[in-house]
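S.K.: Take the sequence shown: its letter number 378 is residue 378 in the numbering used here, and every next letter is one higher.
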Amino acid sequence: MSRSSAETGLSLEALADAADRANRLQRVTDRLAEALTPQQVLDAILTEGLRAAEARAGAIGIVSEDGEWIELLAQRGYKRPILTEWGRFPVSAELPMSHVVRNGEPLFLESLKARNELFPNLEGRGRDGHALAVLPLALEGRILGVIGLSFGDDMVFSEERRKMKITLARQAALALERARLFEAEQAARQRLAFLAEASELLGSSLDYEQTLSRLAHLSVRRLADWCSIDMVAADGSIDRLAVAHEDPDKVKWALELQERYPPDPDAPHGVSLVIRTGKPEFLPELPEEMLEEAIGDDDVLREIVEQLGVRSSICVPLNARGRTLGALTLIAAESHPPYTSADLELAIELARRAGTAVDNSRLFQEAEKGANAARALAYVADGVVLIDGSGVVRHWNPAAATITGVPEEEALGRRVHSVLPAWESLVSHVPLVGPDEALARPVTVPIVLQGRELWVSASGVDFGEGTVYALRDVTDEHALEKTRSDFVATASHELRTPLAAVYGAVRTLRREDIELREEDRLAFLEIIEDESVRLTQLVDQILLAGQLDANAVQIDLEPCDPVQIASGVLESASLHLPDGISLRVESNGVGAILCDANKLRQVLVNLVDNAVKYSPKGGEVEIRVDSEDGECQIEVADQGLGIPSSERERIFDKFYRLDPQQSGGVGGSGLGLYICRELVERMNGHLDVDSEPGKGSRFTVALPASG
Ligand code: ADP
């Protein structure tokens with residue numbers, strides 16, 4: 001059922017008006033729907049919106065991020081340039097737009113008079129219009145901005161008119177928010193893309209100086225007119241690592257500024273402050289006073305600062321693991337818009353990633369240095385042991401493991417005293433020097449490690465947090481040293497005795513005051529001959545021992561008959577046998593053996609000599625030749641002094657003698673058994689001894705059978 005307009009009380013005229021308003025609003029809606037950016041939204045409001053509201057002029061102000069300011073961003077229809085005239089003004093000001101932003105309610109002023117009553121401070125200003133409608137651009141209680149509409153005449157704002165204008169403002173706010181979100185999303189996308197690119201760059205190389213410099217250049221194109229990166233040097237000073245600007249001439253200015261005014265670490269602003277505090281410094285708009293204060297009367301500085309054209313700046317710390325490694329500065333000058341909090345967030349994130357990259361690369365370099373040092377230590381012949389302040393082993397190189405017999409994995413991370421109980425006696429005599437003092441002097445200490453008797457030369461450096469010891473196994477050198485002194489002692493003794501005898505005999509023979517009988521003369525000549533033979537034997541033994549050490553003794557292995565060799569040796573021994581000694585050879589039909597016949601003869605002569613020599617009370621000396629399991633054993637047994645069990649191995653050492661003072665009156669070089677064992681071993685055999693002190697000794701030469 002339809003009702004006529006008369007019935008509803010609406011005139012035709014009013015209906016037409018309403019339809020017209022609806023049409024105009026629709027057009028605004030359509031235009032707003034097409035607008036993508038906030039600026040396009042503002043333009044649409046001020047063309048279609050103004051027309052729809054039948055206003056003569058209009059302006060739109062946007063509330064600043066901090067909610068403190070209103071910035072006029074668009075206007076239309078005013079004769080005066082109100083954007084520059086008003087620019088931006090505080091929300092707290094006594095102005096219609098500020099009033100609306102504060103209250104969130106539309107303000108309809110039907111005449112200039114009404115305006116002046118409410119805002120007496122505006123008396124005499126803005127004669128451009130009469131009636132005024134000021135509407136909040138509000139969304140869910142948030143005021144984005146404000147739109148002011150000026151009308152050519154005074155005007156009564158009917159309910160419909162008011163509603164229409166409020167609707168218009170609501171649509172405008174919606175469109176504005178949508179456009180802002182769109183723009184924010186675009187910007188976020190760009191920021192993410194930039195961060196991704198920057199991260200890729202930061203991860204591309206471990207040379208952080210180079211990557212940071214490239215990062216500065218990358219930032220210049222996207223984030224700033226200027227970008228600089230400063231790093232904290234080891235001594236705490238600030239080093240500029242990179243300055244970037246698209247114009248190389250401008251970079252020169254920046255470098256000049258740096259040269260003339262190097263950063264003062266105590267400065268109250270900028271890089272120094274950020275590095276000191278580890279917190280960002282954000283100056284969306286560089287306060288004029290701050291610049292003026294910094295410049296003072298310095299004309300050169302003024303010129304430089306003007307060239308740089310700084311408008312807005314962000315300085316963020318490069319932090320990693322709680323330390324500030326440097327700072328990244330972004331400056332908006334001629335082409336980049338002043339920074340917003342979104343830019344600050346991006347810069348913080350960028351600096352965080354850069355800080356981590358620097359830290360990683362430094363850690364890697366440190367680790368590599370450490371690894372190189374550890375690698376080098378793995379090859380040095382000296383044992384290197386690092387003990388920290390609490391006595392725990394922190395380094396134990398392979399040589400240390402060899403010397404001590406304790407593997408690295410058993411030692412690391414444990415207390416050195418539990419790893420090696422002998423440690424204390426090893427290092428207690430080692431004088432420790434500081435890291436800057438003269439070279440540590442090594443001390444040689446005898447020590448029993450894992451049942452082995454060693455001589456270890458040790459030195460130590462105390463570097464405050466711990467001690468590094470260098471250990472060297474000098475057992476061999478020590479043994480050599482000992483051998484040398486034994487040799488000097490033995491040789492001087494053994495040489496002096498026959499020489500004294502020869503000298504005495506010669507002196508006696510040459511005496512003219514006494515007439516020597518022929519038999520005495522012969523006896524002296526015999527002494528000279530015997531002692532010369534002894535001397536020759538001694539010299540021969542020393543030479544042969546030297547040749548054995550130098551591995552210069554030639555051994556010719558061939559099948560020989562051991563029984564024949566043994567019999568030959570006993571035969572020649574019997575020619576000058578002391579009283580009370582008898583000789584015997586025993587064999588059970590042994591086959592040929594593989595040996596050097598001359599060398600075996602030499603060995604047996606020596607063993608038989610010893611057997612006779614060390615049987616002062618006489619007795620039987622027997623050579624027994626046996627064979628067993630492809631091995632031939634030649635035993636030389638006597639019934640003489642015998643050898644205590646503790647000495648049975650040492651008698652084979654070079655120059656070792658059981659009775660060096662010759663209290664028993666038997667001479668010798670201490671080389672005989674050493675030479676015997678060396679020769680037998682070079683013929684692929686071995687020489688051992690068994691003995692019962694006081695009852696006799698039995699030396700056994702074992703050699704492989706031939707074939
Ligand atoms: P040297 O006989 O010249 O002293 P050796 O090397 O032949 O040197 O012997 C080393 C030591 O071994 C001797 O000093 C001696 O004390 C001991 N020795 C060697 N052979 C016998 C043996 N048959 N009986 C007892 N002691 C021996």
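Each residue gets a CB set at the ideal place from its N, CA and C atoms; glycine is no exception.
Does the distance from the CB of A458 to the CB of V430 come in under 7 angstroms?
M.R.: In contact: A458 and V430 (Cβ atoms closer than 7 angstroms).
S.K.: Could you give the distance in angstroms between the alpha-carbon of A342 and the alpha-carbon of A55?
M.R.: For A342 and A55, the distance between alpha carbons rounds to 37 angstroms.
S.K.: Taking the beta carbon of S697 as the centre, do at least 16 other beta carbons fall within 10 Å, making it buried, or is it exposed?
M.R.: With 16 or more other Cβ atoms within 10 Å, it is buried.
S.K.: Under the criterion of a Cβ to heavy atom distance below 6 angstroms, does D653 qualify as lining the ligand ADP?
M.R.: No, since every heavy atom of the ligand ADP falls outside the 6 angstroms radius drawn around the Cβ of D653.
S.K.: Kindly identify the DSSP beta-bridge partner or partners of Q75.
M.R.: According to DSSP, which records beta bridges pairwise, Q75 is partnered with A59.
S.K.: In whole angstroms, give me the CA-to-CA distance for L471 and L449.
M.R.: Whole-angstrom Cα-Cα distance: 13 angstroms.
S.K.: Going by DSSP in three states, N684 sits in which element: helix, strand or coil?
M.R.: Of the three classes helix, strand and coil, the one that applies to N684 here is coil, per DSSP.
S.K.: So, G383 versus D230, is the Cβ gap smaller than 7 angstroms?
M.R.: Not in contact: G383 and D230 (Cβ atoms no closer than 7 angstroms).
S.K.: Can you tell me whether Y379 is buried or exposed? The criterion is at least 16 other CB atoms within 10 Å of its CB, across all chains shown.
M.R.: The residue in question, Y379, is exposed, as its Cβ has fewer than 16 Cβ neighbours within 10 Å.
S.K.: Using the rule of at least 16 other Cβ atoms within 10 Å of the residue's Cβ for burial, across every protein chain shown, is K599 buried or exposed?
M.R.: Its Cβ being crowded by 16 or more others within 10 Å, K599 is buried.
S.K.: Determine the burial state of M1: buried for a count of at least 16 other Cβ atoms within 10 Å of its Cβ, exposed for fewer.
M.R.: Bear in mind that a pLDDT of 42 at M1, under 50, signals an unreliable position, so the model cannot answer this.
S.K.: If you count every other CB in all the chains shown that lies within 10 Å of the CB of D556, and 16 or more means buried, which is it?
M.R.: Under this definition D556 is an exposed residue.
S.K.: Please state the DSSP three-state secondary structure of Q450.
M.R.: Here Q450 sits in coil by DSSP.
S.K.: Per DSSP, what are the beta-bridge partners of F282 in this structure?
M.R.: Looking at the DSSP assignment, F282 forms a beta bridge with I314.
S.K.: Indicate the three-state DSSP secondary structure (helix, strand or coil) for A422 in the structure shown.
M.R.: Coil at A422, not helix or strand.
S.K.: Helix, strand or coil for P151, going by three-state DSSP, please let me know.
M.R.: As written in the sequence, residue 151 is Phe, which differs from the Pro given in the question. Correct three-state label for F151: coil.
S.K.: Would the C-beta of I643 count as close to the ligand ADP, meaning under 6 angstroms from any of its heavy atoms?
M.R.: Result yes, Cβ under 6 angstroms from the ligand ADP.
S.K.: Under the three-state reduction of DSSP, which class applies to F108: helix, strand or coil?
M.R.: Strand at F108.
S.K.: Considering only C-alpha positions, which residue in the set R260, S615, A216 is nearest to A637?
M.R.: Of the candidates R260, S615, A216, the one whose C-alpha sits nearest the C-alpha of A637 is S615.
S.K.: Please report the Cβ distance between V41 and A35, rounded to the nearest whole angstrom; I am assuming they are in contact, meaning their Cβ atoms lie under 8 angstroms.
M.R.: Rounded, the Cβ-Cβ distance is 4 angstroms, consistent with contact.
S.K.: The beta strand (DSSP E) spanning F89 covers which residue range?
M.R.: Segment 88-90, the beta strand (DSSP E) holding F89.
S.K.: List the DSSP bridge partners of I581.
M.R.: Partner(s): G619.
S.K.: So, helix, strand or coil for Y469, using DSSP?
M.R.: Looking at Y469 - three-state DSSP - the assignment turns out to be strand.
S.K.: Leaving aside the five residues before and after L286 along the sequence, list all residues of the same chain whose C-beta is less than 8 angstroms from its C-beta, in chain order.
M.R.: Answer for L286: V310, R311, S312, S313, listed in chain order.
S.K.: DSSP three-state call for T700: helix, strand or coil?
M.R.: In the structure shown, T700 sits in a strand (DSSP, three-state: E or B).
S.K.: Say yes only if the C-beta of L538 is nearer than 6 angstroms to one or more non-hydrogen atoms of the ligand ADP, and no if none qualify.
M.R.: Not under cutoff, so the answer is no.
S.K.: If I follow the unbroken beta strand (DSSP E) through Q633, where does it start and stop?
M.R.: Taken as a continuous stretch (DSSP letters only), the beta strand (DSSP E) holding Q633 covers 631-637.
S.K.: Are the CB atoms of H611 and D561 nearer to each other than 7 angstroms?
M.R.: This sequence places Ala at residue 611; His is not what is there. No, Cβ-Cβ distance for A611 and D561 is not below 7 angstroms.
S.K.: Of all the options A354, G618, H686, V603, which has the alpha carbon lying nearest to the alpha carbon of G672?
M.R.: Ranking A354, G618, H686, V603 by Cα distance to G672 puts V603 first.
S.K.: Counting Cβ pairs, one atom from each stretch, are 3 or more of them under 8 angstroms apart for the region 184-196 and the region 154-170?
M.R.: The region 184-196, when compared against the region 154-170, does not touch it at the 8 angstroms Cβ threshold.
S.K.: Would the C-beta of A611 count as close to the ligand ADP, meaning under 6 angstroms from any of its heavy atoms?
M.R.: Under cutoff, so the answer is yes.
S.K.: Reducing DSSP to helix, strand and coil, say where N116 ends up.
M.R.: Residue state, collapsed to three classes: helix.
S.K.: Return the residue from the list E200, S219, R240, G236 that minimises the CA-CA distance to E209.
M.R.: Measuring from the Cα of E209, the nearest candidate turns out to be R240.
S.K.: Note the first and the last residue of the continuous alpha helix (DSSP H) segment covering H478.
M.R.: It spans 475-510 - the alpha helix (DSSP H) in which H478 sits, taken as one unbroken run.
S.K.: For E518 and R682, what's the separation of their Cα atoms in angstroms?
M.R.: Approximately 49 angstroms between the Cα atoms of the pair.
S.K.: Do the region 431-440 and the region 396-412 meet, that is, are 3 or more Cβ pairs less than 8 angstroms apart?
M.R.: Because the criterion of three Cβ pairs below 8 angstroms is not met, the region 431-440 and the region 396-412 do not touch.
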